[in-house]
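Down below is the structure, laid out as structure tokens.
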Amino acid sequence: MTTDSKQLYDLFLHTLHQDQNLRMQAELHLKQALHQPGFMSSLLQLISNVEADLAVRQAATVYFKNRLKYWDDKNEQTGQPEISEDDKVFIKMHFLSTLVASPSVVQTQLISSLRSILRHDFPEKWVNFVPDVVSLLQSEQLASIKAGIMVSEKIACWRAYDADSPNEKINAMIAPDLLRLAKNIISNMDGIPDSVFLMRTLFKGYFKSIQFVFPVCLQDSGMLNAWIEIFIKAFQLPLPANLIDLDGNEASENIYWKMKKWACHCMNRLFTRYGNPSNQSVRVNVSDEFAATYSKTVAKVVLEVYLQALKGYDQDKKNGYLTTKIRELICDYLCSATALKSTWKIIQANFEFILTRFILPELCYSKEDDELWNEDPYEYIHKKFDPLDDASASTCSVMNLLIDLVTIRKKHTLFPTLTFINSVLNHYLESNEKDPRSKDGALCMVGSIAHVLLAKKSQVRNQMEHFLMMHVQPELSSQFPFLRARACWVIENFSGVNFTNESNALSLFQGIANCLQDKELPVKVRAASAISGLLQVEQVQHSMKQFIPQLMEILLKLTNESDMEATSSVMEKIVDLFPEQVIPFSLQLCCQLRDTFMRQMNEYTAAEEEGEDGFTDGPSEK
1 MTTDSKQLYD
11 LFLHTLHQDQ
21 NLRMQAELHL
31 KQALHQPGFM
41 SSLLQLISNV
51 EADLAVRQAA
61 TVYFKNRLKY
71 WDDKNEQTGQ
81 PEISEDDKVF
91 IKMHFLSTLV
101 ASPSVVQTQL
111 ISSLRSILRH
121 DFPEKWVNFV
131 PDVVSLLQSE
141 QLASIKAGIM
151 VSEKIACWRA
161 YDADSPNEKI
171 NAMIAPDLLR
181 LAKNIISNMD
191 GIPDSVFLMR
201 TLFKGYFKSI
211 QFVFPVCLQD
221 SGMLNAWIEI
231 FIKAFQLPLP
241 ANLIDLDGNE
251 ASENIYWKMK
261 KWACHCMNRL
271 FTRYGNPSNQ
281 SVRVNVSDEF
291 AATYSKTVAK
301 VVLEVYLQAL
311 KGYDQDKKNG
321 YLTTKIRELI
331 CDYLCSATAL
341 KSTWKIIQAN
351 FEFILTRFIL
361 PELCYSKEDD
371 ELWNEDPYEY
381 IHKKFDPLDD
391 ASASTCSVMN
401 LLIDLVTIRK
411 KHTLFPTLTF
421 INSVLNHYLE
431 SNEKDPRSKD
441 GALCMVGSIA
451 HVLLAKKSQV
461 RNQMEHFLMM
471 HVQPELSSQF
481 PFLRARACWV
491 IENFSGVNFT
501 NESNALSLFQ
511 GIANCLQDKE
521 LPVKVRAASA
531 ISGLLQVEQV
541 QHSMKQFIPQ
551 LMEILLKLTN
561 ESDMEATSSV
571 MEKIVDLFPE
581 QVIPFSLQLC
591 CQLRDTFMRQ
601 MNEYTAAEEE
611 GEDGFTDGPS
621 EK
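Taking full-length UniProt numbering, the leading residue of the sequence shown gets 1, the next gets one more, and so forth.
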């Protein structure tokens, strides 16, 4: 090392020192040096130095990445560029070679910093970038190939939403090499180091290339069919023996399952955006003929693969295991397939299995639900009640599939579905050995399609009051907390029931009022939402007046406990319906409204600060 590089090395080494004074001095020296011309070039040289301590290289890489965010900025005091032009030229000249020579932990930081350069200098000020990437992809050295694949994925993010961007030309340059590499790797997974990581990265790049616009070169039938074959092969790839016992979060975070998940993302996107004839409004530069052909050929093949996987999961939860996210993606695919004649025939032939062996089990209260409820009820509330949360999204996907089945294919599915639900609920009533989780799943099913059952032309509309009193009302006082919560949720969904017996409505209201004072927080939150639905029932409104002071105290306390906006919406309705009764709570309500507004503004501001940089990351999962 030269004297300058040795000094820089020592500074970063000292930033890792246990002595706080030494760390602070090193950080101060770095802050003073970062605006000097040549600093960023020296920093990249340090990162690429294979003789340097790995921890030092990692620290330097993080510093480098953070400085690159100011690539095109000028110093507010001096007016000079934050990063000199000479440094920029050096970085662009040596970035790829540094990436090739770096270990994985350094590559991860380096590759994430690349977007800062691409955002400002690509393609006009970095004209040799794509040709250099192609050279990496065509190399015989695995390190170069790996770097080329990683960079290609970042290129795919660049202006992926813009049909007029240069992406079409770029894709045409790199797509053949990416396909060639994908074929080679998927055929030799055990013989190529990092093969699973490479396939995962290839799939992420492919997805981002087609997320909004389908490049013409990728529409070629030969290339498309080859990729579909690769996706299916990766999805069906047997897990190594040491991974078979993984489930839950451990499986979701494993690289093998991430690879399979991204294969599903790609197959789903191809079908739902480009291969579905009914999605004409969102297809960019894709013909109707392509969509029609795809839906009658490839879409059916993938559907059969998915159904086979679901049956394997049903038969053997261990060896046929599918992660929650993959089951969600399969659900999304089935939703789209339900609407098309060509794919509906396959679903229709498997409808009983889908309904009884997939939808019901997926909607039942699970072991994981129970663990989270007991360990952290606050987290349970936010995971299960927030529609944007991954855990909630998975359940919503299954619900949406059920809804699509009984609405789009109502003639074939509604009454078989109701017959099955009734059989589960009646068995629960009659059996000595009751399965509360299966009842929870059945109630979840019926609550999901409440709007269908309460429709004006519904043949069962008039039977729903009796249904609520027979199968739901008793669970408001169930020994199982999750069934009490489920009963509240079902009543909320059936708030449009026309009660012919006033005592029935009052009985439900009293049961929910009791649940509002339940010792279990998730039950109380569900009860608060259910109260909102019952407010429109005239008989309930009359009885509620005397309960308003107590109810407002409970709701205000519950809002502070759970931080859920559902309680705020209930209070809004109460204020609208009972203005005189809530006057004593005016100050508390105003404070609550202020806190809710400030929280929403902070969330909005945080989202805005992420900024728009011309990149799109697609699904947020890794």
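Glycine is no exception: its CB is placed at the ideal position from the N, C-alpha and C atoms.
List the whole-angstrom C-beta distance separating residue i from residue j, where the pair is believed to meet the contact cut-off of C-beta under 8 Å.
i: Pro361; j: Gly441; result: 7 Å
i: Ala147; j: Val100; result: 4 Å
i: Lys318; j: Ile244; result: 6 Å
i: Pro37; j: Asp73; result: 16 Å between Cβ atoms; not a contact.
i: Val582; j: Ile548; result: 7 Å
i: Val298; j: Ile228; result: 6 Å
i: Ala513; j: Leu558; result: Contact flag wrong, Cβ pair sits at about 13 Å.
i: Ile174; j: Thr98; result: That pair is no contact at about 20 Å.
i: Thr338; j: Ile408; result: 5 Å
i: Leu13; j: Val56; result: 5 Å
On the DSSP letters alone, give me the boundaries of the alpha helix (DSSP H) that residue i sits inside.
i: Val460; result: Taken as a continuous stretch (DSSP letters only), Val460 belongs to no alpha helix (DSSP H), as it is neither H nor E.
i: Val196; result: Ser195 to Ile210
i: Leu110; result: Ser104 to Asp121
i: Pro549; result: Ile548 to Ser562
i: residue 625; result: For residue 625 there is no data in the structure shown, the boundaries of the chain being 1 and 622.
i: Arg180; result: Asn167 to Ile186
i: Gly248; result: Gly248 to Ser252
i: Met470; result: No alpha helix (DSSP H) holds Met470; DSSP gives it neither H nor E.
i: Thr98; result: Glu85 to Ala101
i: Val216; result: Val216 to Gln219
i: residue 623; result: Because the chain spans 1 through 622 in this model, residue 623 falls outside it and cannot be assessed.
i: Cys157; result: Leu142 to Cys157
i: Met445; result: Pro436 to Ser448
i: Pro131; result: Phe129 to Leu137
i: Phe385; result: Pro377 to Phe385
i: Tyr294; result: Asp288 to Lys296
i: residue 665; result: Residue 665 falls outside the range modelled here, since the chain spans only 1 to 622, and no answer is possible.
i: Glu124; result: Note, Glu124: premise wrong, no alpha helix (DSSP H); not H, not E.
i: Pro361; result: Leu360 to Leu363
i: Arg67; result: Leu54 to Leu68
i: Met40; result: Phe39 to Ser48
i: Ser281; result: Segment: none, Ser281 is in no alpha helix (DSSP H) and carries neither H nor E.
i: Asn21; result: Gln20 to Ala33
To which residues of the same chain is residue i closer than 6 Å at the C-beta, ignoring the five residues directly before and after it?
i: Thr272; result: Ser336
i: Ala357; result: Reading the sequence as shown, one finds Arg at residue 357 and not Ala. Asp314, listed in sequence order.
i: Lys65; result: Gln109 and Ser113
i: Ala251; result: Trp257 and Thr323
i: Ala485; result: Pro522, Val523 and Arg526
i: Leu137; result: Gly148 and Asp177
i: Thr413; result: Leu405 and Val406
i: Leu118; result: Trp158
i: Leu8; result: Ser42 and Leu46
i: Phe90; result: Ser41
Take residue i as the anchor and find which of the options has the nearest alpha-carbon.
i: Ser477; options: Leu516, Ser495, Lys456 and Phe467; result: Leu516
i: Ile111; options: Glu153, Leu137 and Ser495; result: Glu153
i: Ala505; options: Pro481, Met464, Gly222 and Lys524; result: Met464
i: Phe95; options: Ser342, Met40 and Val497; result: Met40
i: Pro436; options: Ser187, Ser366 and Lys296; result: Ser366
i: Lys341; options: Pro277, Val398 and Glu304; result: Pro277
i: Leu372; options: Phe203, Phe482, Trp344 and Thr417; result: Phe482
i: Leu425; options: Arg409, Glu580 and Cys444; result: Cys444
i: Ser562; options: Glu580, Asp404, Gln479 and Asp376; result: Asp376
i: Asn70; options: Ala52, Gln58 and His35; result: A quick correction: the sequence has Tyr, not Asn, at residue 70. Residue His35 is the option with its Cα nearest to Tyr70.
i: Gln219; options: Ala172, Asn184 and Phe197; result: Ala172
i: Met44; options: Thr78, Gln107 and Leu22; result: The question names Met, but residue 44 is Leu in the sequence shown. It is Gln107 whose Cα lies nearest to the Cα of Leu44.
i: Asn501; options: Glu492, Ala487, Gln473 and Gln539; result: Gln539
i: Leu307; options: Asn350, Ser195 and Pro584; result: Asn350
i: Ile230; options: Ser195, Leu179 and Pro240; result: Leu179
Who are the Cβ neighbours of residue i in its own chain at under 8 Å, not counting the five residues just before and after it?
i: Val50; result: Ala101
i: Lys384; result: Asp369, Ala391, Ser392, Thr395 and Pro522
i: Ser543; result: Leu506 and Phe509
Whose C-beta lies closer than 7 Å to the C-beta of residue i among residues of the same chain, with five residues either side of it excluded?
i: Lys125; result: none
i: Lys260; result: Ala234, Phe235 and Ile326
i: Lys204; result: Glu153 and Trp262
i: Phe578; result: Lys545 and Ile548
i: Ile170; result: Val130 and Ile155
i: Lys345; result: none
### Message
Extract the residue ranges of the alpha helix (DSSP H) inside the segment 309-351, only unbroken runs of 4 or more that lie entirely within it.
### Response
Qualifying alpha helix (DSSP H) stretches, in chain order: 324-339 and 341-349.
### Message
My parser needs the alpha helix (DSSP H) runs of 4 or more residues fully inside the segment 479-527; what are they?
### Response
Runs found: 481-493 and 502-516.
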